[in-house]
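Working notes, beginning with the structure itself.
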Amino acid sequence: MTPASRPPGPRRLPPGLDWLWLLVCVLASSGWCLTAAAQLSATWDEPVYLRVGLERWRSGSYWSLLRLGTMPLPVDVQTLPLYVAERLRGLPFDPVADFDVILPWARAATLLFWWLLLLYGWLAGWQLGGRWAGRLAVGLLASEPTLLAHASLATTDVAVAACVLALVYHFRRGREASWRWRVGLPALWYAAAVLTKASGLVLGLSCLAVSEAERLVRAGILRPAAGPGGSPLGRAWAGLRPFRRDVAQIVGLGLLVVFVYCGSDWRAEPTFVAWSRGLPEGPSRNTMIWVADHLRIFRNAGDGLVRQVKHNLRGRETFLLGRVYPRGVWYYFPTALTIKLTLTWLALPVLIALWRPRALANWACVLAATLILLSVTFRVQLGIRFLLPLYAIAAVGLAAAAVQAIRESPPGWPRRMLVAAVGAGLAWTAVSAARVWPNGLSYTNELWGGTANGYRRLGDSNYDWGQGLKELARWQAAHGIAALDVWYFGTDPSVGRPPMARASFADGIAGPADVLDRVRGRYLAASTTLLYGKLPTDSERRTAAFLRGRQPIGRTTTFFVYDFTKEPAPGS
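The sequence shown begins at 18 in the working numbering and counts up by one.
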C-alpha cells in the first residue's frame with residue numbers, strides 16, 4: 018500500500034465541550050500545582066538542578082549536568098526564565114542566597130511539560146476510544162495525586178512521561194502515513210524523551226516495540242496463519258520488517274538529535290585519565306594514557322547515558338514495607354504501585370476485567386502491563402516517579418477500556434451502574450488529590466493505612482524527599498519554639514538558617530547516651546526518611562533506633578518532633 022501523505026485524523030474534530038473540559042482540567046490541576054509548590058521546601062534534586070542549570074546557560078556547557086547523568090532538556094526549560102531575568106537585571110542569581118526567589122519560577126516552568134502530558138493524554142484517549150475516552154483520560158491524569166505532586170516540582174519525571182506519551186501517540190497515528198509522519202516526527206519525540214531523562218532511551222524503544230506488536234497482532238499480520246509458508250517465527254519476523262526499518266531510523270535520528278543538542282566540551286575525561294595512569298607499567302599502559310589524553314570528546318550525551326546505565330546495573334539500597342534491602346528487590350515497583358495509586362486506579366482494571374475483560378485488550382493497557390513487567394528489572398528503586406510514563410499510558414488505556422465496557426453493556430441499569438461507578442471513581446481521585454494537598458508526594462492510599470502512615474511503607478521521593486521544611490517552620494511558629502534542631506533528609510539551603518539548625522549524627526554515636534549528649538536541652542525534628550529508611554552509617558542507624566523508641570511531642574507530614582529540654586544531666 019502507498020502510504021498516506023498525512024496521518025489519519027479523528028472522525029471529527031473535538032467539539033467545544035471537549036476543549037472546555039480540557040481547559041478546566043489544565044487550569045484546576047495547574048492551580049493545585051502552583052499553590053502546592055508555594056507550601057513546599059526544596060526536594061533533594063532541585064537545588065543542584067537550579068545551580069547547574071544556571072551554570073549551563075552562563076557557560077554554554079553541559080559538563081556538570083552530564084557528569085551527574087542528568088539529561089538537560091527539563092533543566093534547560095526550568096532555568097531559562099531565570100537566566101533571562103539575570104540578563105535583564107544585569108545581576109546573576111546566587112543559587113543559595115536567592116534560592117527562595119528562583120525556586121518558584123523554576124517549578125512553574127515544569128507546567129509546560131504538565132500541559133503537554135494532559136494534552137497528549139486527551140488526544141491519545143480520543144484516538145483510542147473516542148471523545149468520552151479522551152475526557153476520562155485527561156480527568157484521571159489531572160486528578161492523580163502523584164502526578165500532581167511531581168508536576169509541582171522543578172524535576173525531570175513529569176517531562177519524560179509527557180514525551181514518552183507523545184512519542185507513542187505520534188508513532189501509532191503515523192504508521193500508514195508518509196516518512197515525515199511515520200519516522201520523522203516520532204524521531205523528534207524519541208529525542209525529546211531521551212533528553213528529558215536517560216530512562217527514555219529504553220522506555221521509548223520498549224513502548225514502540227510493544228505498541229507495534231499489538232497493532233500487527235490486531236491486524237492479523239503476526240498471527241500464525243498470516244503470511245507465506247515457513248515457521249510462525251519466520252513469518253512474524255517478516256511481518257516486523259517495516260517496523261524494524263522504521264525504528265532503526267527513529268532511534269538513529271533521535272540519538273543524533275540528542276548528541277547534537279548536548280554537544281561536547283572537547284575535553285579529556287579526568288576519571289579516564291586517572292584510570293589509565295594507574296595501570297601497571299608496560300605498553301598497554303602507555304597506549305591507554307595516550308588515548309585518554311587525546312580522546313577529547315567529553316562531556317557528551319553518551320557520557321550521561323552511560324553513567325545512568327551503570328547506576329542501574331549497580332543498584333542501590335531501597336526501603337520497602339519497613340525493611341531496607343541492600344540492592345533492591347524485584348517486586349519493589351509493583352508493590353509501590355499498589356501503595357501510591359488511588360483506589361480508583363486500582364479498582365478500575367479489576368471492575369473492567371470482571372465486566373468486559375476484552376475491553377482491556379487495547380494498545381495502551383497492553384503497554385502499561387508490559388512496563389509493569391519490565392519494572393522488576395529496574396535496580397534504581399528511589400521512588401514511583403520512575404514509572405510516571407506508566408501512569409500516563411495507563412490512564413489512556415483504562416479510560417478507553419472503561420468507555421468500551423460501557424458501550425458494550427446492556428441498556429438499562431447495568432450500563433447506568435457502570436457509568437456511575439466510573440464517575441464515582443473519577444470523583445474519588447479528585448477528592449483524594451484535594452485532601453492530600455499540598456503533600457501529594459506523600460500520598461498513600463487507604464488500603465495501606467492512608468497518607469499519615471505512608472512513611473512506614475515507603476520513603477525517599479515516595480514520601481519524604483526533603484519537601485517538608487516549610488510545614489515544619491509553621492508548626493514551630495505555632496508552638497512557640499524558639500530554636501529547633503533538624504535531622505533532615507534533603508538539600509534545601511534554608512535548613513541551616515535560624516531559628517532552625519541542622520543536626521548531624523553521621524558519626525560518633527555508639528549508643529543512646531551519645532545521642533542525648535548532642536540533643537539535651539533542645540528540641541529535635543527528625544525526618545521520616547531518616548527515622549524509617551535507609552541510612553549510610555551505623556551511627557545514624559543507632560540514632561534512628563533510639564528516636565523510634567521515644568515518644569514525639571508532635572509531628573508534621575514528614576517530621577517527628579522530640580522534646581529533650583527536660584532531659585536530666587548525666588549523673589544527676
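Beta carbons: idealized from backbone N, C-alpha and C, even for Gly. Quick caveat, the model's predicted, so the values are computed rather than measured.
Can you give the Cα-Cα distance for Arg-302 and Ala-291, rounded to whole angstroms?
11 Å
Buried or exposed for Asp-8, please, with buried defined as at least 16 other CB atoms from any protein chain shown within 10 angstroms of its CB.
Nothing about residue 8 can be read from this structure; the chain reaches only from 18 to 589.
Helix, strand or coil for Tyr-79 per DSSP?
coil
Smallest Cα separation from Leu-443: which of Ala-419, Phe-576 and His-187?
Ala-419
Over what stretch of residues does the beta strand (DSSP E) that includes Arg-313 continue unbroken?
Where Arg-313 is concerned, there is no enclosing beta strand (DSSP E), given that its DSSP letter is neither H nor E.
Is there a C-beta anywhere in chain B that falls below 8 Å from the one on Pro-587?
No chain B appears in this structure, which consists of one protein chain only.
To the nearest angstrom, how far is it from the Cα of Arg-565 to the Cα of Trp-465?
20 Å
Near Arg-294, what residues of its chain come up, given a Cβ to Cβ distance below 7 Å and the 5 sequence neighbours on each side ignored?
Ile-306
Look up Val-578 in the DSSP assignment and say whether it is helix, strand or coil.
strand
Would you tell me roughly how many angstroms separate the C-alpha atoms of Leu-390 and Lys-327, rounded to the nearest one?
21 Å
Of all the options Arg-519, Val-94 and Ala-236, which has the alpha carbon lying nearest to the alpha carbon of Thr-172?
Val-94
The region 78-91 / the region 104-112 touching (three or more Cβ pairs under 8 Å):
no
Closer than 8 Å is the cut-off here; do at least three beta carbon pairs connect the region 478-490 with the region 187-201?
no
Tell me, which residues are paired with Arg-519 by DSSP?
Val-503
Cβ-based burial, Ser-76 [other Cβ within 10 Å; buried from 16]
exposed
If we call anything under 8 Å between Cβ atoms a contact, is Gly-507 one with Gly-483?
yes
Whether Leu-67 touches Leu-128 by CB criterion (8 Å):
no
With three or more C-beta pairs closer than 8 Å as the rule, is the region 392-405 touching the region 342-351?
yes
Enumerated in chain order, which unbroken segments of the alpha helix (DSSP H) with a length of 4 residues or greater are wholly contained in the region 98-158?
116-126 and 128-146
Can you check whether the CB of Ile-423 is closer than 8 Å to the CB of Leu-435?
yes
Ala-542 and Val-578 look like a contact to me (Cβ under 8 Å); what is the Cβ gap, rounded to whole Å?
5 Å
Alpha helix (DSSP H) containing Thr-560: first to last residue?
555-565
Ala-194 in three-state terms, based on DSSP:
strand
If you draw a straight line from the C-alpha of Asp-320 to the C-alpha of Asp-282, how long is it?
12 Å
Pairwise C-alpha distance: Val-277 and Gly-217:
17 Å
On the DSSP letters alone, give me the boundaries of the beta strand (DSSP E) that Tyr-540 sits inside.
540-544
Terminal residues of the beta strand (DSSP E) in which Phe-336 lies
335-337
Could you have a look at Gly-256 and say whether DSSP puts it in helix, strand or coil?
helix
Judging by CA-CA distance, which residue of Leu-270, Glu-229 and Leu-273 is the nearest neighbour of Trp-254?
Glu-229
Alpha carbon of Pro-374 to alpha carbon of Lys-357, nearest angstrom:
24 Å
Output needed for Val-43: all residues of its chain with C-beta closer than 7 Å, excluding positions within five of it in sequence on either side, in chain order.
Trp-132 and Leu-135
Below 6 Å CB to CB, which residues in the same chain sit around Ala-141 once its five sequence neighbours on both sides are set aside?
Tyr-186 and Val-413
What did DSSP end up calling Tyr-342 once you bin it into helix, strand or coil?
strand
Option nearest Glu-584 by Cα separation, candidates Val-41, Asp-534, Ser-392 and Leu-377:
Asp-534
So, using beta-carbon positions, are Ala-209 and Ile-267 closer together than 8 Å?
no
What is the rounded straight-line gap between the Cα of Arg-284 and the Cα of Leu-273?
20 Å
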